[in-house]
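Listed in order, the protein sequences are those of chains A and B.
What the first sequence shows, in this note's numbering, is residues 393 to 778, in sequence order.
What the second sequence shows, in this note's numbering, is residues 393 to 778, in sequence order.
Even glycine gets a Cβ: it sits at the ideal position worked out from N, Cα and C.
The next block holds one structure in the form of structure tokens; read it before the comments.
Protein chains: 2
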Amino acid sequence: MAQAASDLTIRNVRPLGGPATDIHIRGGVFVVDTGGGDSIDGGGALLLPGLIEGHTHLDKTTWGGPWHRNTIGPTRMDRIANERAWRGATNHDAAARSLALARAFLANGTTRMRTHADIDPGIGLDHVHASLHTRDALAGSMDMQIVAFPQSGIVCQPGVAALMDAAMAAGADVVGGIDPCEIDRDPVGQLDIVFGLAGKYGKPVDIHLHEAGEMGAFSLGLILERTETLGMHGLVTISHGFCLGMLPIAERDVLLARMARLGMRIATTAPAGIAVPTLAACRAAGVTIYGGNDGIRDSWTPYGEPDMLDRAMHIGLRNGLRRDDELVWALECVTTAAAAGCGFADYGLTPGCRADLVLVDAETVAEAIVRRPPRRLVVAGGQIVV
Amino acid sequence: MAQAASDLTIRNVRPLGGPATDIHIRGGVFVVDTGGGDSIDGGGALLLPGLIEGHTHLDKTTWGGPWHRNTIGPTRMDRIANERAWRGATNHDAAARSLALARAFLANGTTRMRTHADIDPGIGLDHVHASLHTRDALAGSMDMQIVAFPQSGIVCQPGVAALMDAAMAAGADVVGGIDPCEIDRDPVGQLDIVFGLAGKYGKPVDIHLHEAGEMGAFSLGLILERTETLGMHGLVTISHGFCLGMLPIAERDVLLARMARLGMRIATTAPAGIAVPTLAACRAAGVTIYGGNDGIRDSWTPYGEPDMLDRAMHIGLRNGLRRDDELVWALECVTTAAAAGCGFADYGLTPGCRADLVLVDAETVAEAIVRRPPRRLVVAGGQIVV
């Protein structure tokens, strides 16, 4: 699918909607000038860096398969139990589906991604291996981080702690966790395992925290304590963090200030119907917040598009961003902030960065987010993929 | 654009995802059987009734023009003042833009619509006439209701009460109002004019109520009192009604029960970042709630698509609808509930109804909403328009 283009100049493009310029690629990275090679006319299109999916679940998707009729109950526990039953009943092929979805992301200009791979006693490491297979299949185009994700809990699920350890040994990039009070009923037990594995493998942590209000604040406090004590500055992400949208503002701001001091990040899907940490509050506190789709067309949710401009639109809608200059914040959630938050190296449009880019016909960043036009050109690692 | 098809059979279609059947059209309405005429293969596609836009502002849109860079301030008053300045500075052509947007709606299967036309001292009746022109241009295809809408207030704006009267005389279908406390600073003054015109012309009322919390509840109470006293059962819509998403549940439910008793309806855009009346609460109380986009790509907001399946998706997201059977409620907001709420006659897929329909390739209603596929066929008033 990728076409070789070791020396490539793209003429007449407007980085982030700024003045027209040319951009040069050699050996898979942006350079000041190639002095030759192939040349493409960018036609004055808007130039964006490769887009970043900061939180998804490739392994759960039905993408590319028939429509999944959703009949789940209303609670998170219903959805977890339903998913385990559905996997068994449908012989869900996590490897094939995750690769199809990752390719759809790439075609829409997503060139970096953090995906959470389920681990539970039923599937063991199957989804981790499926995700590793997808990572290998797209190596060179998609820079993919895999989170070892204990969807059904760690302490309360026999053998999951050992499976998490094995997943990290097998090549997972990030240690996951989930609702240490609500799901595991033993917050210290879960967090000791999660942070223990992070220390053992020298890897970052990314914890799903759906817990509401004061319970979420309590779990977040435990995570903050461990982040500080273990010196994990800049290595811990809170995914969702709904409690930060529910607490009294004064209490929320105390937590955000501690998160900022410890370089703790927030991944948000900006759901329409749930209280969330806002971009305004996080920006004011100096906390990096970035975007992700969460699951797409899976047994949890029918919604979602493998397009980070679409997610940026939802982030804009959820945060009431209307001005062109405000919508740039939404783009940052799926570009620079996600790169900083996930720790993707060599990111950006400047010389020396990995040559990932997207061209779309739009006047401003805001127009690209609102209209989500077809991708005119996608380059990943210096290769033309669209 | 419309192709004549007085006798038409569409074979092999699945109404709302049910079993495959044939559907017959004669003389612009659905009939039990034509016994002849043209025949089209529906290919097993999903059949929906014509979609309904229950609350939009065609006259404000920039649709079909260059991208509008949005630099507005954060309050509603900023946006109202900004819009007046923008209209003057750009020579906004409300007639041409509104027709372009209405045609885009029609191409996506919207065959009925309620649009609010601005009236203020600066533009007088220009936008009402522009909207009437669009209504005439699409007569036979698009069944359009025009609301005489005092965007900048009535009592506080010299001459607007007389302009509202003239708009109704010129052919507007609904008397509009807006935030009688917050904008006019004289709720009784505004509501007496609005309900007075409704009585004079025998027309329904549709009031924008953005007012928050207890202020909104106060205005809603005044509207309820007039609806009851004047015997306007089933003739009053509250657009937005954000206060119903902010009040304590017990207080909200008292208001919803009164609204149900008086047949008062709610039009919602289901915005992601604002408290809203929920589908669950309205359904439980027996209040009809239906959907609309509000403005699309105008000086207020960059967002929006002229596609009611897209709005149904946002309604689903905002209300946390995940199951296939729940997403049918979102479709109802842009079909049957909107027909009942706006009072569109002869609506539906049964014999005798106006022959408006949409065909899409989808297995279930939920899939149609989530994927928003290209329209395979649109019929309006018995004519094929797509």
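Min CB distance G456/A to chain B below 8 Å: Not closer than 8 Å to any Cβ of chain B, the Cβ of G456/A fails to qualify, so no.
One or two residues paired with S431/A in a DSSP bridge: In the DSSP output, where bridge partners are listed per residue, S431/A has T401/A.
Cutoff 8 Å: A672/B Cβ touching any chain A Cβ: Proximity of A672/B to chain A, defined by a Cβ-Cβ separation below 8 Å, is not satisfied.
Residue-chain proximity (V405/A, chain B), Cβ-Cβ < 8 Å: Taking CB atoms only, V405/A has no neighbour in chain B less than 8 Å away.
Residue span of the beta strand (DSSP E) that contains V771/B, given as start and end: Counting along the chain, the beta strand (DSSP E) containing V771/B begins and ends at L769 to A772.
Within chain A, partners of V628/B - CB distance below 9 Å: Here the premise fails: no neighbours, minimum Cβ distance about 27 Å.
Unbroken alpha helix (DSSP H) run spanning Y593/A, endpoints: Y593/A -> alpha helix (DSSP H) spans P579 to Y593.
Between the CA atoms of P663/B and G780/A - distance to the nearest angstrom: The structure shown does not extend to residue 780/A, since chain A is modelled only from 393 through 778, so no value can be given for it.
Chain-ordered neighbours of G665/B on chain A, where CB pairs are closer than 7 Å: Going along chain A in sequence order, the residues near G665/B (Cβ under 7 Å) are L709, R710, N711 and G712.
Proximity of G419/A and L438/A at Cβ, strictly below 8 Å: Not closer than 8 Å, so no.
Alpha carbon of L614/B to alpha carbon of D565/B, nearest angstrom: L614/B and D565/B have their C-alpha atoms some 23 Å from each other.
Buried or exposed by the 16-neighbour rule on C-beta atoms within 10 Å, applied to P669/A: With 16 or more other Cβ atoms within 10 Å, it is buried.
Cβ-based contacts, 9 Å cut-off: residues of the stretch 733-762 of chain B near chain A: Per Cβ criterion, the list reads A754, E755, T756, A758, E759, I761 and V762.
Three-state secondary structure assigned by DSSP to S523/A: If DSSP states are grouped into helix, strand and coil, S523/A belongs with the helices.
Pairwise C-alpha distance: Q543/B and H625/B: Distance between the alpha carbons of H625/B and Q543/B: 25 Å.
Touching by the beta-carbon criterion (3+ pairs, under 8 Å), the stretch 577-594 of chain B and the stretch 506-520 of chain B: Result no; under three Cβ-Cβ pairs closer than 8 Å.
8 Å Cβ cutoff, R461/A in contact with chain B: For R461/A, at least one C-beta of chain B is nearer than 8 Å to its own C-beta.
Test: D686/B CB closer than 8 Å to a CB of chain A: Not an interface residue.
Element boundaries [alpha helix (DSSP H), containing I707/A]: That run of the alpha helix (DSSP H) goes M700 to R710.
Ranges of the alpha helix (DSSP H) found wholly within the stretch 538-584 of chain A, counting only runs of at least 4: The stretch 538-584 of chain A contains these whole alpha helix (DSSP H) runs: 552-562.
Beta-carbon proximity of F497/A to P698/A, cut-off 8 Å: In this structure, P698/A lies closer than 8 Å to F497/A by Cβ.
Every unbroken beta strand (DSSP E) inside the stretch 716-761 of chain A [3 residues or more]: Complete beta strand (DSSP E) runs here, min 3: 749-752.
For V646/B, the three-state DSSP class (helix, strand or coil): V646/B: helix per DSSP, three-state reduction.
Any chain A beta carbon closer than 8 Å to T693/B: Closer than 8 Å to some Cβ of chain A, the Cβ of T693/B qualifies, so yes.
Boundaries of the alpha helix (DSSP H) in which G480/B is found, first to last residue: Unbroken alpha helix (DSSP H) run through G480/B: R468 to T482.
Coarse secondary structure for S533/A, derived from DSSP in three states: DSSP places S533/A in coil when its eight states are reduced to three.
Between the CA atoms of A609/A and L751/B - distance to the nearest angstrom: So the two alpha carbons sit approximately 48 Å from each other.
Beta-carbon neighbours of D716/A, restricted to chain B and to distances below 8 Å: In chain order: R461, N462, T463 and P694.
Reduced DSSP secondary structure (H/G/I, E/B, other) of D518/B: Residue state, collapsed to three classes: helix.
Cβ pair R714/B, P694/A closer than 8 Å: Yes; because the gap between Cβ atoms is below 8 Å, this pair is in contact.
Rounded straight-line distance, which links the Cα of A649/B to that of D399/B: When rounded, the distance between both Cα atoms is 46 Å.
Alpha carbon of T680/B to alpha carbon of A729/B, nearest angstrom: C-alpha separation (whole angstroms): 6 Å.
Beta-ladder partner(s) of E445/B, from DSSP: In DSSP, E445/B forms a bridge with M505/B.
Beta carbon of T502/A nearer than 8 Å to that of M700/A: Result yes, Cβ atoms of T502/A and M700/A sit closer than 8 Å.
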